[in-house]
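Quick note on numbering: my numbering labels position 37 of the sequence shown as 37, and the sequence is numbered without any gaps.
Just so it is clear, CB atoms sit at the ideal spot from N, CA and C, and this is done for glycine as well.
Comments concern the structure below.
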Amino acid sequence: MNIKKYLSVLLSALFVLTSCIYPAYAHTTSQASQLLSDPDANPDLNSLGGEKTGWSISESCHSNGYYSSYWIYEPLPIGDTYEKILPEMQKKIGAAAGKWRSTMGFQFERLYTTPPNGMIYALTNQSAPWAAMFTPNYINPAGHITSWRIDLNYRFTITEVTVAHEFGHVLGLRDLYASNNNNKLMYYSETRTATNPTKHEYYAAKTITGIGHQTHTWTGGYQYLGAIGGVCYHTTKCKDCNGPSVMHKVRCTYNANHVCKHCGGRPTA
Ligand SMILES: [Zn+2]
Ligand SMILES: [Zn+2]
Ligand SMILES: [Zn+2]
Ligand SMILES: [Zn+2]
């Protein structure tokens with residue numbers, strides 16, 4: 001439709017504007033010079049951290065700065081497959097935004113007229129296994145999401161935690177799948193027990209959006225990383241975000257009981 005084309009031109013104009021307004025908050029260097037990727041993380045996704053770290057951030061898909069705006073989609077009166085997002089759900093979306101604003105200062109702002117960065121849709125899809133889904137519509141060459149959408153599936157109960165999880169993806173946090181991470185907001189399943197971003201997750205979100213925590217404070221403690229090419233490694237971690245240090249990545253050294261003297265890890269079989 002023509003109106004869509006018109007809208008997308010308007011949208012792109014706004015995104016260019018947005019990136020010009022907040023240059024001071026853009027992160028200029030890759031965090032890969034400071035933070036490691038866990039051996040279990042998918043290297044194709046340019047992610048740092050991982051299941052062992054308790055958060056995973058994507059350098060190729062994240063928000064730049066402290067702000068993203070959204071519209072709540074208003075379905076057409078007839079013939080629209082999307083559902084109306086009623087005030088009760090709108091309140092949950094607002095509460096989800098509040099979880100990020102209060103913990104790290106990131107603002108998700110609901111707009112009514114000005115073209116937004118993101119759109120939120122609701123639908124009932126009885127065959128889809130997901131309760132909510134985040135999709136980046138456009139990522140610029142710097143890895144910054146300039147257009148996104150979140151779909152809520154009314155087949156399931158959508159809570160403010162569900163929405164806060166999806167907003168986490170807008171920031172640049174990735175899903176966690178290991179069962180010991182079910183206490184994190186970014187645990188992939190609705191069985192997660194976290195109701196807010198955990199401390200480490202909000203530090204990680206600050207890091208990836210470039211709005212703070214660009215340098216880390218390494219502790220003396222050792223964190224087992226895992227085996228890379230059959231060799232076990234450990235490193236130190238940041239006291240704030242729990243991120244593993246690039247600088248301190250060291251091979252494990254074993255005692256007579258075949259336990260690493262530093263991290264307690266064992267050689268792989
Ligand atoms: Zn960036
Ligand atoms: Zn997710
Ligand atoms: Zn840190
Ligand atoms: Zn070790």
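- Counting along the chain, ILE211 sits inside no alpha helix (DSSP H), nor does DSSP assign it H or E at all.
- CA-CA distance, THR162 to GLN90, rounds to 13 Å.
- Across the set LEU35, LEU45, SER245 and THR53, the C-alpha of LEU45 shows the shortest separation from the C-alpha of GLY143.
- The Cβ-Cβ distance between ASP151 and TYR187 does not fall below 8 Å.
- Excluding sequence positions up to five before and after TRP148, its CB lies within less than 7 Å of the CB of ASN117, GLY118, PHE134, THR135, PRO136, ASN137 and VAL170, all in the same chain and listed in chain order.
- Put simply, of THR236, THR217, GLU59 and ILE228 the residue whose alpha carbon is nearest the alpha carbon of THR268 is ILE228.
- Between the alpha carbons of THR207 and ALA256 lies a distance of about 40 Å.
- Per DSSP, reduced to three states, the secondary structure at GLN107 is strand.
- Looking at the DSSP output, LYS237 sits in a beta bridge with PRO244.
- Beta-bridge analysis with DSSP links ARG251 to TYR233.
- Ranked by Cα distance from GLY54, the first of GLY230, THR191, PRO244 and LYS92 is PRO244.
- In the structure shown, TYR222 falls within a strand segment according to DSSP collapsed to helix, strand and coil.
- Distance check between LYS199 and each of ASN242, GLU51, PHE167 and ALA128 places ASN242 closest, using alpha-carbon atoms only.
- Counting along the chain, THR146 sits inside the beta strand (DSSP E) bounded by residues 145-153.
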